[in-house]
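**Student:** Residue numbers (the UniProt record's numbering): 1 to 203. Beta carbons are placed, not taken as given, at the ideal position from N, Cα and C, and that holds for glycine. My structure is below; once you've seen it, I'll send some questions.
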Amino acid sequence: MATPSAWTDIEEEFFRCSICLEIYKDPKLLPCLHRYCKECLERIIVGLTDIRCPLCQDETKIPVEGVDGYKTDFHMNGLLQFIHLQKSAGNKEMRECIGCTSHSEVSAYCFKCRDFLCEKCHTIHLTNRTLADHKKKVLALKDFKAHNLKPSDLSTLTEAPRCHQHLDQASVICCVTCGNLPICMVCGTMGQHRDHEVYDVKL
């Protein structure tokens with residue numbers, strides 16, 4: 001398993017946006033597969049109809065939806081959350097419950113909220129019906145420390161890819177014709193992808 005220093009090296013090389021030079025925030029993939037922060041792309045496309053990739057200079061049309069039309073890099077988001085969790089697990093100053101102001105010691109991490117929870121808020125996450133979709137996305141910190149989890153172990157905890165068209169729907173199939181575009185069942189059976197080659201996604 002990679003050492004803490006190895007993770008730092010990886011972060012420096014792979015996890016920084018080449019536009020803002022900061023850690024990726026809501027990374028989006030251009031057709032050339034280079035990724036940039038959503039906000040960075042929104043700044044550079046103002047008034048343009050085409051975008052030229054800052055890294056490879058590949059030029060493509062900007063989607064009608066703007067930056068929202070580009071694929072979200074869910075894999076990168078998952079890795080970033082893992083690194084944030086790994087760094088914070090041993091640093092009390094970086095851990096603070098987002099659900100209350102009690103300043104109690106945190107006991108869990110919610111991948112849906114993307115932050116830490118104290119014992120009380122952890123219990124609420126597991127029992128409150130309005131947070132039902134968070135329940136399977138919560139990791140107890142004792143489990144994280146005990147099992148020495150790797151990024152691949154967290155695949156069921158991190159956010160599932162969303163449909164390219166309907167962002168509130170999970171992607172259950174990918175359209176091969178459109179370059180493995182993540183789409184929902186509606187898009188695949190009744191939308192513009194209904195006559196395309198698709199395959200099921202195992203979530």
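Just mark Val-198 as buried or exposed, buried being the case when its beta carbon has 16 or more other beta carbons within 10 Å.
**Tutor:** Counting Cβ neighbours within 10 Å, Val-198 comes out buried, since at least 16 surround it.
**Student:** Excluding five sequence neighbours on each side, which residues of the same chain lie with their C-beta closer than 7 Å to the C-beta of Cys-20?
**Tutor:** Within the same chain, Cys-20 has close Cβ partners Cys-37 and Cys-40.
**Student:** Could you pull out every unbroken beta strand (DSSP E) segment of at least 3 residues lying fully inside the UniProt domain "RING-type" (17-57), listed in chain order?
**Tutor:** As far as the UniProt domain "RING-type" (17-57) is concerned, its whole beta strand (DSSP E) runs of at least 3 residues are 27-29, 35-37 and 50-52.
**Student:** For Lys-61, does the three-state DSSP call read helix, strand or coil?
**Tutor:** Of the three classes helix, strand and coil, the one that applies to Lys-61 here is strand, per DSSP.
**Student:** Apart from the five residues on each side of it in sequence, which residues of its chain come closer than 6 Å, Cβ to Cβ, to Ile-45?
**Tutor:** Only Ile-51 and Ile-62 meet the Cβ criterion.
**Student:** For chain D, check one thing: does any of its Cβ atoms lie closer than 7 Å to the Cβ of Ser-104?
**Tutor:** Absence of chain D from the displayed structure is noted, only one protein chain being present.
**Student:** DSSP puts Arg-162 in a beta bridge; with which residues?
**Tutor:** Per DSSP, Ala-170.
**Student:** Could you tell me the alpha carbon to alpha carbon distance between Phe-14 and Leu-85, rounded to whole angstroms?
**Tutor:** Approximately 17 Å, taken between the alpha carbons.
**Student:** DSSP on Val-186, reduced to helix/strand/coil?
**Tutor:** Reduced to three states, the DSSP call for Val-186 is helix.
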